[in-house]
Amino acid sequence: MDGVALGMKGLVPVWLVVSLVLAGCGGREEPPPEAPEAQIGGPSGTELAETQILHLGNGAEIQSLDPHRGEEVQGANVTRDLYEGLVSEAPNGDLVPGAAESWTVSADGRVYTFKLRSNGRWSNGDPVTAEDFVFGMRRAVDPTTHSIYTFILTPILNADAVASGKLPPSELGVRALDPLTFEITLANPTPYFLGLLTHAMTFPVHRASLEQYGEQFTRPGNLVTNGPFELADWVVQSHIRLVRNHYYWDDANVRLEEVWFYPTEDQTAELQRYRAGELDWTEIVPASQLKWVRQNLPNELVIAPYLASYFYGFNNTKPPFKGNANLRRALSLAINRQIIADQVLGAGQIPAFGWVPPVANYTSQQMPEASWTQEEREAEAKRLYAAAGYSAENPLRTEILYNTQENHRRIALAIAAMWKQVLGVQTKITNQEWKVFIDTRNRQQETQVYRHAWVGDYNDAFTFAELWRSTSGQNDIGYRNPEYDRLVTAAQSELDLVKRAGMLEEAERVLLADMPLIPLYYYVTSRLIKPWVKGYAPNIMDHHHHKYFYLLKH
1030 MDGVALGMKG LVPVWLVVSL VLAGCGGREE PPPEAPEAQI GGPSGTELAE TQILHLGNGA
1090 EIQSLDPHRG EEVQGANVTR DLYEGLVSEA PNGDLVPGAA ESWTVSADGR VYTFKLRSNG
1150 RWSNGDPVTA EDFVFGMRRA VDPTTHSIYT FILTPILNAD AVASGKLPPS ELGVRALDPL
1210 TFEITLANPT PYFLGLLTHA MTFPVHRASL EQYGEQFTRP GNLVTNGPFE LADWVVQSHI
1270 RLVRNHYYWD DANVRLEEVW FYPTEDQTAE LQRYRAGELD WTEIVPASQL KWVRQNLPNE
1330 LVIAPYLASY FYGFNNTKPP FKGNANLRRA LSLAINRQII ADQVLGAGQI PAFGWVPPVA
1390 NYTSQQMPEA SWTQEEREAE AKRLYAAAGY SAENPLRTEI LYNTQENHRR IALAIAAMWK
1450 QVLGVQTKIT NQEWKVFIDT RNRQQETQVY RHAWVGDYND AFTFAELWRS TSGQNDIGYR
1510 NPEYDRLVTA AQSELDLVKR AGMLEEAERV LLADMPLIPL YYYVTSRLIK PWVKGYAPNI
1570 MDHHHHKYFY LLKH
């Protein structure tokens, strides 16, 4: 859907402009109060529901169940139940043994040796072996796999050379010492490496089924996985149904029989399904309904910190933003982030003037203007806008692209209003369905400004820093800075945590000086969870393994 006229004139306060724009967004009608629930868990409060089937809202339709080709959070939510890496996560996010029951690390920090579980099984009963992990990781970095996430495996010896086609996959630094012993050799010591092993790029793939079915190996009936659940059904734009994998090594401690994931880009519709009892869990709460939810469902609303940054990306590969730091900075400074966090969203999001969100062993950096008043920022925005060659007579005409979702639309409307009010920018707003949006975003020639977010793949600042290296497959803003590359690459193998943090902090300052993107806010998760759903624990990664979940009688 296109079109935001934003023809407001005069010195109207920005907060009022935004309020007027958002008033036309819809979705503000307050639903009636909920009916009282029956006693949860029966008389004892601990009785299990007879039917252990969990129904989850999961945002946009996923791209793929191939662990080496997916790139969105929604897909990872599903693959996390289907597959298990060498290392897994406890409900609170702590690292725990997964497919490997134990591991050792060499004195120089470069060689990791994993002992796989003797009772590890694929969903068809085949044993999970070290060769499965060799095959999986080689496939992940093989250029013919066409993964855009190969940079995740960069710490492994020869990974970059394999991914670029300079060496064959057989030269990747992984090998099977015996059927249950798997060894990884790194190019350099990597402090965050164990956390990286929870990422889908490190998951094994069942070689026989892949070779038998080819591109169809992820279809129901074909897909063989090693996690606590297996794929039973996938109806696009309807649902994905997982059923318990009784061959899983820890099946005796899994209580859910099925997990259903429902794609719902319409947040208001998702809330309605939740209130109708069709969902036990929502992906998010619409900002327009937060007030009502806080008043009527306070015990079901869960808001928690989340290792993620919401930002707008510039297309740095073509005009008007290529080589025009003044213009990029002007647009960034014209945005009132506090209004977006408090009035547009209102769930406790943190206004962001830097790229890396709060994370352990790191001091997040900020734009110098972060300490200024908003009036000072807007005055500087006007100066830079004029220096970039724009004026009331020659306004910038640009487009904001976002994937269809109510909160993204509200943010786009607010930012377009701010740009119009402060600078006179004429902004077209366009939304696309998720898969189309991803394809458009990856084709840099077709974008100008677009909504983006990055969720940490592991609990370390490096997962944010590495994204904007010139070699990153996810660098779709087209950012290139040799000094940034040098600092991030040096930090990758630095064992002194203080020196390493200093390098990453300097890299973030370089990024913020160039302003190839607009940091907007640091996420929180805001969702509704039915009171009979147990096993949930908030964690900074928002990773939830449903092997730990169960339902009480209700």
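Residue numbers (my numbering): 1030 to 1583.
Ideal Cβ positions, reconstructed from N, Cα and C, are used throughout, including at glycine.
For Ser1073, the number of other beta carbons within 10 angstroms of its own is below 16, and it is reported as exposed. In this structure Phe1222 is not in contact with Ser1501, their Cβ atoms being roughly 18 Å apart against a cut-off of 8 Å.
Along the stretch 1272-1314, the alpha helix (DSSP H) occurs as fully enclosed runs of 4 or more residues at 1296-1304, listed in sequence order. Sequence-distant partners of Gly1375 (beyond 5 residues in either direction) whose C-beta falls short of 7 Å from its own C-beta, in its chain, are Ala1316, Leu1319. Comparing alpha-carbon positions, the option among Leu1094, Gly1306, Ala1408 lying closest to Val1264 turns out to be Leu1094. Membership of His1481 in the beta strand (DSSP E) is indicated by the continuous run 1478-1484. Rounded to the nearest angstrom, the Cβ distance from Val1116 to Ala1129 is 7 Å, consistent with a contact under 8 Å.
Nearest neighbour of Glu1118 by Cα position, chosen from Lys1582, Met1570, Arg1509, Gln1461, turns out to be Met1570. Under the 8 Å Cβ criterion, the stretch 1243-1253 counts as touching the stretch 1077-1097, having at least three qualifying pairs. Secondary structure at Pro1156: strand, using DSSP grouped into helix, strand and coil. Nearest neighbour of Arg1270 by Cα position, chosen from Tyr1276, Leu1252, Ala1281, Trp1278, turns out to be Leu1252.
Using a Cβ-Cβ distance cut-off of 8 Å, the stretch 1511-1524 and the stretch 1409-1428 are not in contact, since fewer than three pairs of beta carbons, one from each stretch, lie closer than that value. Gly1306 is classed as exposed because its beta carbon has fewer than 16 other beta carbons within 10 Å across all chains shown. Leaving aside the five residues that flank His1481 on each side, the residues in its chain whose CB is nearer than 6 Å to its CB run, in chain order, Phe1340, Gly1342.
A distance below 6 Å between beta-carbons, with the five flanking residues on each side excluded, links Ala1237 to no residue of its chain.
Annotation: Lys1464 is outside any beta strand (DSSP E); the continuous alpha helix (DSSP H) that includes it extends over 1463-1471. A buried status is given to Arg1556, since no fewer than 16 other beta-carbon atoms sit within 10 Å of its beta-carbon. In terms of Cα proximity to Met1166, the closest of Lys1195, Val1102, Gly1114 is Gly1114. If you look at Asp1207, you'll find it in the beta strand (DSSP E) that goes 1203-1207. Here Trp1401 carries a coil assignment [DSSP, helix/strand/coil]. A distance below 7 Å separates the beta carbons of Val1451 and Glu1407. Judged by pairs of C-beta atoms under 8 Å, the stretch 1542-1555 touches the stretch 1343-1351, as three or more such pairs exist.
According to the DSSP assignment, Lys1449 belongs to no beta strand (DSSP E) but to the alpha helix (DSSP H) extending over 1435-1452. A Cβ-Cβ distance of about 5 Å is found for the pair Asp1309 and His1084, placing them in contact under the 8 Å criterion.
Taken through DSSP and simplified to helix, strand or coil, Trp1561 comes out as coil. Spanning the alpha carbons of Phe1211 and Phe1258 requires a straight line of approximately 24 Å. Among the bridge pairs identified by DSSP, Glu1212 is matched with Thr1142, Arg1204. Only residues of its own chain outside the window of five on either side were considered, and among them Pro1560 have a CB closer than 7 Å to the CB of Asn1328, listed in chain order. A Cβ-Cβ contact shorter than 7 Å links Leu1580 with Ala1078.
The C-alpha of Val1102 is placed about 32 Å away from the C-alpha of Gln1455.
At a Cβ-Cβ threshold of 7 Å, Gly1256 and Asp1110 count as neighbours. Note on Ala1443: 16 or more other CB atoms within 10 angstroms of its CB, so buried under the neighbour-count rule. Annotation: the continuous beta strand (DSSP E) that includes Ala1129 extends over 1129-1134. Out of Glu1534, Ala1490, Gln1473, the CA that lies nearest to the CA of Tyr1508 is found in Gln1473. At the C-beta level, Tyr1487 and Gly1224 come within 7 Å of one another. A Cβ-Cβ separation of about 18 Å leaves Ala1441 out of contact with Leu1362 under the 8 Å criterion.
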